[in-house]
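Inspection log for the structure reproduced underneath, given as C-alpha cells.
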Amino acid sequence: CINRTVLLILHSRSETSGFQTPKCGMHKRFLTLLLKILTIKPTSNRQDSDVWGFTKNGIYTTQSAYKMLTVLHETNSPDHRPLPPVEKQLWKSIWRLKTSPKIRHFLWRALSGALAVAERLQSRGLCSDSTC
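Mapping to UniProt numbering: the sequence shown position 91 is 91, numbers consecutive.
Below is the structure:
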C-alpha cells in the first residue's frame, strides 16, 4: 500500500467497483479525499484540462515546483521577512537581462554575497590566509 503511486491508484479504479478500500490509515484518508475530488462534476460543459497554477502558461516545470516549494518553506519559517519591492525589482531585472545565463548567474552571486572571495571564505572559516 505504501509504495502505490497515484497513477497506479487511478488505473486500478474500475467503473463498477470504484476504489478498492486501502488497509493503511494515512493512505486511506488520502484515497478518500482523492475519490471525492475525482467525483466532482464540472458546472459547465467545457472540456476539462490539467493546469499548473504556478506558471503563466499553466504547464508544470520542475523549476516552477522548486520555486513554489521554496516560497512555501520561506513563508512558513519563523524568520520570514518579505523582500522590499525595490529588491524584488532588482532581482527580476537581473534575471531578465539580455545576456548569457553565465553573466546573470555571476551578477546574482556577486550581489547576494555568494562569490568565493577571500573575505567570504574567511567568514565561513574556509580560508585563514587573507591573500587567498
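By construction, the Cβ of each residue, glycine as well, lies at the ideal position given by its N, Cα and C atoms. Treat the numbers as computed from the prediction; the structure is a model and nothing was measured.
Assigned exposure category for residue i - 16 Cβ within 10 Å defines buried
i: Leu-31; result: buried
Opening and closing residue of the alpha helix (DSSP H) in which residue i lies
i: Tyr-66; result: 62 to 76
i: Ala-110; result: 101 to 111
Nearest to residue i (by Cα), restricted to the options the options
i: Trp-91; options: Gln-63, Leu-69, Ser-112, Met-68; result: Ser-112
i: Thr-55; options: Asn-45, Thr-43, Met-68, Gln-47; result: Met-68
i: Trp-108; options: Gln-89, Gly-125, Leu-72; result: Gln-89
Residue i in three-state terms, based on DSSP
i: Arg-46; result: coil
i: Phe-54; result: coil
i: Arg-96; result: coil
i: Ala-114; result: coil
i: Thr-32; result: helix
i: Ile-40; result: coil
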